[in-house]
Structure formats: C-alpha cells, structure tokens
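Chains as they are written, first to last, in the working numbering: chain A, 1 to 179; chain B, 1001 to 1668; chain C, 2001 to 2148.
Just so it is clear, CB atoms sit at the ideal spot from N, CA and C, and this is done for glycine as well.
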Amino acid sequence: MRLVYVIPLVVFATVAAAFGVGLTLKPNVVPSALIDKPVPEFTLAGLPGDGVESGKGFSSADLTGRVSIVNVFASWCFPCRVEHPLLMRLARNPKVRIFGLNYKDRPEDARAWLKELGNPYDRIGVDRDGRIAIDWGVYGVPETFIIDAEGRIRYKHVGPITPSDLDEIIVPIIERLSE
Amino acid sequence: MIAEIGHYALLLALALAIAQGTLPLWGAGRDDPKFMAVGSVAAVGQFAFLAIAFASLTYLYVVSDFSVENVAQNSHSAKPLLYKISGVWSNHEGSMVLWVLILALFGAMVALFGTNLPPGLRARVLAVQGWIGIAFLAFILFTSNPFLRLSPVPADGNGLNPLLQDPGLAFHPPFLYLGYVGFSVAFSFAIAALIEGRVDPAWARWVRPWTLAAWCALTLGIALGSWWAYYELGWGGFWFWDPVENSSFMPWLAGTALLHSAIVLERRDALKSWTILLAITTFVLSLIGTFLVRSGVLTSVHTFATDPARGLFILMILIVAAGGSLALFATRAPKLKAGGLFAPISREGALVLNNLLLVTACATVFLGTLYPLFLDALDLGKVSVGAPYFNATFIPIMTPLVMAMAVGPMLAWKRGDIKGVIGRLKFALGVGMIVTLGAWYAMGGQVLAAAGIGLAAWLVLGSLMEFAGRIKLFRIPFAASLSRLRHLPRSAFGMTIAHAALGIVVAGITASSAWQTEKILVMTKGDSVELAGYSFVFAGVEETEGPNYTVKRGTFEVTLDGRDVATLTAERRFYPVRNMTTTEAAIHTTWFADLYAVVGDADEKGGWTVRLYHNPLVPWIWVGAVLMALGGLVSLTDRRHRVGAPARARKTAARTKPPGGGARPATA
Amino acid sequence: MTRKRRRLYFVLFAMIGLGAATALVLSAIEDSLVFFYTPTDLAEKDIPKDRRLRIGGLVAENSVKRGADGVSVKFIVTDLTNTLPVTYKGILPDLFREGQGVVAEGKIDAGGVFRADAVLAKHDENYMPAEVADALKKSGQWKGAPAP
C-alpha cells in the first residue's frame, strides 16, 4: 500500500520529463523548404538616402562570392528594434556582408529608423509590397537568413536574434562557412 | 529614478522572502517563538516592498516613461488611462510582478489574520509561502525584470495589442492570479501539515476559507476570460478548450474537489492524505498553467519562447515545488493516522463521489491538453486535440456529478437514507422530466440537449428544495420557518446559491451549444434576413475614426413581428500602430438569448460578408458563474470561517469527534 | 460489512470508474486528434482521405477567388515546394492575406481539394511576445472549432 503514495510523484516525473523535452523543441509550422537551396531570383530597388553606396539595392547575384546575411526588417516592427544592436555588433565582423530587406515599409519611416538606431546594413533593398519576401518564405519580421559563398541558403532564423543566438549559432555558422 | 526604486524594492522583497523562508522554519523546529515571529514581520514587509515595486511600475506606465523597455514595448502615450494601467499586467514581466504581489498579499494576510493558528503551524506555513516568493522573485529578477532601461529612448511606445485594449481583459488577469496564487495558501498549509505530521479537522477548518476565497476569484477570472472571448472574438463561442483556457480550468476542477474533501476532513476526520494530495495538486496545476502559458511549449503553431531561459526557470521551479512536495507526500503521508471508514450512502460518500468525478474530469482535461506535447516529445507528429475530445469525455463525467449534486446535500452524515431522499426529490425529478420533454418538443430532435436542460432544472430545484427542507418550509408555521432561516449558517446559503447557480450555467452551456443558429451571407444596404424569428435589416457600413484606430461600422435594424427590438452596430477596427484589425461583435442581450452580429470583408459589388447568430440562454452562463462565486463569498462570511473562530473550533476538534454543527439538515 | 471487504468494494468501484474513464478517453482521443501537415507532406506521404487534418503554409499570390455566393472562397496554400487547393465557406480571419501564413483545418476530398471548415491566419506580422500570442490564440482567431 505504501507504493500508492509514490504514484503522484511518478506521474509528475513523467509530465516534467515531457515538459523538459518540449522546451527543447523549436516549434516551426513550415520548416523552411529553402534550406540548402539557392536563393530565389530577385532584384530589389535601394533605399535612397540610406547613407551606404548611395542607396543601391541588391539582387540575387550580389549574394555570391562571400558569406552574407539577409535580414528582413521593418520600422513598424518592435522585435526588430530589439535585435538591432546585435546586428550593429555583427556589422563589425569582417567575414560577413549584411543585406537588409526592408519589408512593407514606408521609405521615409525606414530612413528615420536607420538614422535613429544606426545602419548595420551593407546594402538595403526595399520590398514595398512584400512580393520578394514571399519567394523567401518570409512569415513575419524579423527573419534572418545566412547564405554561403555559392549563394545557397544555409540557415534561417525566425524572430528576433538574442545575444545567445548570435554567439552560439549565427557567428559559428558564419565562421564555418567562411573557411 | 522611479524604475530604480522599483528594482530595489524587488531586491529587498527577495531578501525578506529569504528570511521568511528560513528563520521561522528553524524557529519552529526548535520551538523558538522569537524566530517563528520573524515570519509574520517578513511577510508583511515583503508585501510592503512588492507594493512599492508594483506602484513604481504602474507609475512608469501612467507617465509613459519609454526609457523603460517594458513600458516602451507595451504602452503608448495616446492610450486611455485604463489601458495604461492594465498594460502593467498585460505583458509577461508586469504580470509576474502582479503574481508575486498577490502571493505576498496572501502571505501578509496569513500573518495578520492567522494570529490564532498554533505558532508552529503558522511559522511553517509562512516559511513555505516564503520559498514560493523566493522562487518567483528570483525568476523576475534574473529573467524577466520589468525595470530594465532602454537606450536609446524611443519617441513613443509600441502600443498595447489592440485585442487586449478591452475592459473585460483588463480585469481578467488579476482575478485569475488571485485564484492561482490563492491556492498557494492551501499548498503551504499542506506542506506544513506534512512536516508536522498532523492533519486534523482543525487544519481543514483553517484551510477552507483560503481555498474558498481563491476558488471564488478563479471562478470569476475564468468567467471573465470566457466572456471576453465571446464578445471580442466574433466566433459566437464562449469556450474553446484551448490550452490557455484549460490551464486555468484544471486548477479550478482540482480546487473544487479540494473544497469538498476539506468538508469531509473537517466533519469526519477522514480523507486526510487525499485532501493533502489535492491541496498540493491544485497549486501544482496552477504552476503548470503558468508554465504552459509562459514557456511557449504548447502554443506551438505560431509562437516561440522569446527566451528559452524563462521556460527552463519556471520548469525548475515546478520541479522543485511539485517534486519536492510530492516526495514529502510519499514519505510522510503513509504515517498520517488513517481516518474512519464510512458507508457509501452518506453525505461523505457523496462527497467522495464528487471528488472522484472532479478529479477524473480534471485528469481527462489534463491528458487532452498535454497529449500534443507528449506526442511531440516522442517525435510522433504534430497534432492538436480538438474540442470534440473534450466534449466527449468531459460531459459524460459531469452528468453523473450534476445528478448527484442534488442528492448529496440531502444525505445525512454517516448513514444516509437514499430512498427517503429520492422520495423528497420526487417533485424535482418530475419537473426535470417535464422540462426535458418540453425542451425536446419545443426545440425538436436533440434528446441529449433536452436532457441537459432537464438536468439543469433538476439541480436548481433540488438545491432549492434541500434549502427549503432545512427551514422546514410549509411543514411548520411560516414564522417558525423564518426563524430557522435566520439561524441557518451562512455556509448553507452559500452552498445552495453555488449549486443552483451551476444548474443555471449548465442550462446556458447546453442551450447555446445545441440550439445556436447561425447565418453567414453577403448583404448589401437594405437587405434583410430572418434568423430565429428575428428580422435583420442591414443598414450599411460607415467609416469613421476612433481615438487610435479607424472603424468600419455596420448597422443592423432588428425587428420581431414588426416591432423594433434593437439596433446592432458591429465594428471592424484597424489599428495602424500595430498594423492590426480587430472585430467588435454587436450583441443584444435579452433574458433568454443573445443576438450577435459580426461584419467581415467587403466584396467588389458593395456587399459585406456578415455573420449573424442567435445564441439561446448564453447570458445564463455568466450570470450563473457570477452567482457561483457569490455563493462562495456568502459561505466565506460564515461564522465558522471567520477570523477568530478557529481558536474555538480547535477545542472541539481536539476531542477528535466531529463538531456537531448546530443547524444540520433535518434528514437523519 | 468488514473493514477489508468495504475497502475491497471501494477499490473495485474505483477500478471500474477508472476503466470507464480510460475507455472514454481512448475512444474520444482517437476521433479528435488532428494531425498537422504541410503541402509537401501531403504530396509525399500517403494520408488517409477521410481524416480531419490541419494544413499550414502561405497563401499563394493571386490565388484567392471568391465564389458566386460571396461567402465561399478558394485559394492555394503553398510551402514553396508543393501546393494545395483549398475551399472554405465563411468569414476569413482579419489578417488573411495573400502571401501570409495560414493554417486551415478540414478534410481532403476525393478530388484532392482541401475542404476547410476553419481558417486561422496569423494576426500580426511582428513576431510577438508569447503572452500576446497566447491571448490571440485564446481569442479564438487562431483556432479551429468555433464553439464546443
């Protein structure tokens, strides 16, 4: 009969184990179908007055030759503001070029935003109606893609980058791809 | 400056919680009154500092200090004052501060009003409250600090999510937390009792008012949440068996069982380990609810834990609290002196049945809620468990419970006379059957739904008849009945109100689920449509501006047999700050039904998609729920539950005989 | 009745109750489990036709067509590898848009068309804090079954 009193503990241990495993799972509705595929074909107009390369945009051809990052952002997106300082930090890393995909945003808002927070991007492309983002399988902002020197998408990060994401995932991938 | 004061107050509260968690326990072990007394001082002090922290955060919200990240992220200078204040707890960090504030409030109340508890028990209860406080204060300070500064300071805030800008939702969380956190007192009492190795009727008497208070708050909290979902959403539904809803419903089910098993412990000195286990389970379920909602493990489809460290931290708290207390239970509970056995047909037998059914219901909800997580953890695929599962399991378990609810209170303690009780309930049985037949005839077809309405009538009537029996209404002169009424304990009133109210809720749920009528169609200005006998004429859509949104407002003129009934205006609001649209349903409430209208998109030809509902008896759900909570409150004012009473009660309880109870039902 | 015997009856009663509850749970959960698939899963795996399921993906550009009655809608869901035609009758969620994420619940008919009885779209293009998402979810706009 003593054992009866242990049952609740055993039940709880099972549940706690499931919680533990559940925490490690990264729920993802549609896993990116684009991983290890070449980036989609596109050309994006630039953001005049963004202060880099006189507002030149970028296209799929610009994403080859060296490791690059494509970061989808918008001025109306609060999580973007949260990850912004980390992008500024990443911008100091010489191994990677950062491209900004300005998603469904008004150019004047985007300019004001960059002026306020600083511009981490080597080039910015404006995707006013979100058409290009669809080809990238973008679900929302922010999202971040890592592209290798051959122009293949190697990693996709959904949501704002946290300091540990940057140090433990993104930077190591960049290091690995740059070798 | 204010943010730093708040942050500092949190740190001081943590220091006091540490003192509260350790010194009284040590004192209780050595029977040292000085150390035991530290508990009360620390509990009151902890509450004071948390009140300062909470007030600071509220102030930052009210003055829109966007240099604080939490404020910038969740508030906006153009927001109405009410939502600036409710914005404090409509985000993770702020709601955790409210959580610990309420925890400390309960701790301080035990310290201030529990002066008649044996000092050892009180010291241990406060110590356990202290540990819970330590855990959650550490959680806030290490992973969810609301007082962090933001640099550079944004010009304006991000705004509160429009869906949360609603009076119903502004007050939903405080009630919910009062319930969740209130159950921590029962938990602390249970742990203290296990440490002391003694559980007696006096213990049950002390635990019951705290449990009852928490239960009332949780009942109101759940009702508010369901009401909000009903009107804000535009689905016409009131309960979705969503993991978030379930995580508040499971503690409610377990807490309801606890309330009833504590009665048996109080009266018959039985069900000791069971009641202790329920007290632990109820609070653990509250913690699990907190974990599920905040860790993101179950909201899989569209969210992620913004910070996995948070989920891990709560899981650690959960493992320590639940694992520790259940391990303590496993070692200590077998040593508790077993209580007396009793006959199955008796009041206590009925209460055991109540407990078995409630706990089973709770277990099925638990299983359904966590099943997707279990499958996902074993990598067997992503699933969702739909409402059909919950309806198919929950309703068959609740039906016998509702049937028994009318019978149980009429049974005498120790040995009940089931035939006599059924005889006395003949009238209720007859009316229940007539109502069933009537509903079946009037609404056509659905036998089960008609039976549900009959069951509701049976419960309402049965509860009222039990009450009438207590005052011997119509069996003795009316004046004598009146005098009996005056001497009835408040708990008798409370029970009758709460039980009859559940009957009202059952009627509301059954009717609105079974006989809801719905029409989805495209209407252009001037069109009219019939629904449940009412005629809806669409008067078109006009566009206007709200304080921080633009509105498309559709109007319907509703008539019944040519008479004007109501003008319904349904809105679609667009909030540019968040790039979001919300739906405001138009609802016209009558005693017996709601008329409910929602406006959707426009088509190219000037038509609008509209959704119209006739929801019979749906207002009864919330009226019933509020009455249930009211019943609990009335019971709470009972002399026996009042402060000071336990001291006297203890003397009677010490003789281990169940206290007589002056005005028991005249059934025996 | 002796103490032992009473206890036996009690245990027996509890076992019967437990058995009944288990049977109830097993039969109910079998019918109401809804698995989640992407269009690629549907194209590659053999999925029984008469089961309720959830599908998720993006609403393809220029694929949304309204029926003559005004309330039925056809659109195509894509995960950028495969596509799936969907039909639905009713009011679409506030944030249902071409190019946006969507989750639909329903069944696949004989012609390979997904007949949805509930469509859930994402609410906000921001990745939002979990609490807000929870509230949204609770709000029901993220979910399938309208009412129990």
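For B:PHE1175, which residues from the same chain have a beta carbon less than 8 Å from its beta carbon, with the 5 sequence-adjacent residues on both sides left out?
So the list reads ALA1217, LEU1218, LEU1220, GLY1221, LEU1224, once near-sequence residues are dropped.
Using alpha carbons as the reference points, say which of B:TYR1083, B:ASN1246, B:VAL1153 lies closest to B:ASP1166.
With distances taken between Cα atoms, B:ASP1166 lies closest to B:TYR1083.
So, is B:TRP1239 buried or exposed, given that buried needs 16 or more other C-beta atoms within 10 angstroms?
Counting of Cβ neighbours within 10 angstroms places B:TRP1239 among the buried residues, the total reaching 16 or more.
Test: C:GLU2061 CB closer than 8 Å to a CB of chain A
Cβ-Cβ to chain A under 8 Å: yes for C:GLU2061.
Strictly below 8 Å CB to CB, what residues from chain B border C:GLY2019?
Within 8 Å Cβ-Cβ: nothing; C:GLY2019 doesn't reach chain B, min ~11 Å.
Alpha helix (DSSP H) runs contained entirely in the stretch 1076-1161 of chain B, provided each spans 4 or more residues:
If you keep only unbroken alpha helix (DSSP H) runs of at least 4 residues inside the stretch 1076-1161 of chain B, you get 1081-1086, 1092-1113, 1119-1143.
Can you confirm whether C:ALA2104, when its beta carbon is compared against all beta carbons of chain B, has any partner nearer than 8 Å?
Nearest CB-CB separation between C:ALA2104 and chain B: not below the 8 Å threshold.
List, in order along the chain, the chain E residues whose C-beta lies closer than 8 Å to that of B:GLY1381?
The question asks about chain E, but that chain is absent: this structure's protein chains are A, B and C.
So, B:LEU1356 versus C:GLY2017, is the Cβ gap smaller than 8 Å?
Yes; because the gap between Cβ atoms is below 8 Å, this pair is in contact.
Hey, how far is the Cα of B:TRP1026 from the Cα of B:ALA1015?
The straight-line gap from Cα to Cα measures roughly 17 Å.
Within this structure, are the beta carbons of B:TYR1059 and B:SER1075 separated by less than 8 Å?
Contact check for B:TYR1059 against B:SER1075 fails: the beta carbons are separated by 8 Å or more.
Select from the stretch 2-13 of chain A all residues with a C-beta closer than 8 Å to any C-beta belonging to chain B, and list them in chain order.
Those residues of the stretch 2-13 of chain A that come within reach of chain B (Cβ to Cβ, closer than 8 Å) are ARG2, TYR5, VAL6, PRO8, LEU9, PHE12, ALA13.
For a quick check, are the C-beta atoms of B:ARG1332 and B:GLY1197 less than 8 Å apart?
It is a contact, given that the beta carbons lie within the stated cut-off.
A:PHE19 at chain B interface by Cβ criterion, 8 Å:
Yes, its Cβ sits closer than 8 Å to a Cβ of chain B.
Of the listed residues C:PHE2075, C:THR2081, C:GLU2105, C:ALA2068, nearest to C:ALA2043 (C-alpha basis):
Of the candidates C:PHE2075, C:THR2081, C:GLU2105, C:ALA2068, C:THR2081 places its Cα closest to the Cα of C:ALA2043.
Against chain C: residues of the stretch 1603-1615 of chain B by CB proximity under 7 Å:
Contacts with chain C (Cβ-Cβ distance below 7 Å) from the stretch 1603-1615 of chain B involve ASP1603, GLY1607, THR1609, ARG1611, listed in chain order.
So A:PRO163 packs on A:PRO79, CB below 8 Å; how close in whole Å?
A:PRO163 to A:PRO79, Cβ: 14 Å. No contact.
The stretch 2112-2119 of chain C touching the stretch 2073-2091 of chain C, judged by at least three CB pairs closer than 8 Å
Result yes; three or more Cβ-Cβ pairs closer than 8 Å.
Might you give, ordered along the chain, the residues of its own chain that have their beta carbon closer than 8 Å to the beta carbon of A:PRO160, omitting 5 neighbours on each side?
Result list for A:PRO160: PRO79, CYS80, VAL82, GLU83, PRO142, in chain order.
Three-state class that DSSP yields for C:ALA2020 in the structure shown:
Annotated three-state conformation of C:ALA2020 is helix, per DSSP.
Can you find a heavy atom of the ligand GTP that lies under 7 Å from the Cβ of B:VAL1181?
Absence of the ligand GTP is noted for the structure shown, with no ligands found whatsoever.
In chain C, which residues lie with their C-beta within 8 Å of the C-beta of B:VAL1522?
Near B:VAL1522 (Cβ distances below 8 Å), the residues of chain C are ASP2069, GLY2070, VAL2071.
Whether B:ILE1476 touches B:LEU1627 by CB criterion (8 Å):
No, they are not a contact pair.
Whole-angstrom C-beta distance between B:THR1555 and B:THR1544, which should lie under 8 Å
Between B:THR1555 and B:THR1544 the Cβ distance is about 12 Å, and since that is not below 8 Å, they are no contact.
Pull up the distance between the alpha-carbon of B:PHE1474 and that of B:SER1481, whole angstroms please.
The alpha-carbon atoms of B:PHE1474 and B:SER1481 are separated by roughly 8 Å.
DSSP beta-bridge partners of B:TRP1235
In the DSSP output, where bridge partners are listed per residue, B:TRP1235 has none listed.
B:ALA1392 to B:ALA1501 span [Cα, whole Å]
Taking C-alpha positions only, B:ALA1392 is separated from B:ALA1501 by approximately 23 Å.
Secondary structure at B:ALA1532, three-state DSSP: helix, strand or coil?
In the structure shown, B:ALA1532 sits in coil (DSSP, three-state: anything other than H, G, I, E or B).
Whole angstroms are fine: how far does the CA of B:GLN1516 sit from the CA of B:ALA1193?
Rounded to whole angstroms, B:ALA1193 to B:GLN1516 spans 49 Å at the Cα level.
The stretch 1374-1382 of chain B / the stretch 1247-1255 of chain B touching (three or more Cβ pairs under 8 Å)
They do not touch, by the three-pair rule.
Rounded separation between C:GLY2019 and B:THR1360 - CA only
Counting only the Cα atoms, B:THR1360 lies some 11 Å from C:GLY2019.
Would the stretch 1271-1287 of chain B count as touching the stretch 1179-1189 of chain B if we require 3 or more Cβ pairs under 8 Å?
In the pairwise beta carbon analysis, the stretch 1271-1287 of chain B is classified as touching the stretch 1179-1189 of chain B: at least three pairs are separated by under 8 Å.
For C:ARG2054, go through chain B and note every residue whose CB falls closer than 7 Å to its CB, in chain order.
Simply SER1384.
Could you give the DSSP three-state label for B:VAL1551: helix, strand or coil?
It is a strand residue.
Does DSSP put C:GLU2105 in a helix, a strand or coil?
Strand at C:GLU2105.
In the DSSP assignment, what residue or residues form a beta bridge with A:TYR103?
DSSP lists A:ASP127 as partners of A:TYR103.
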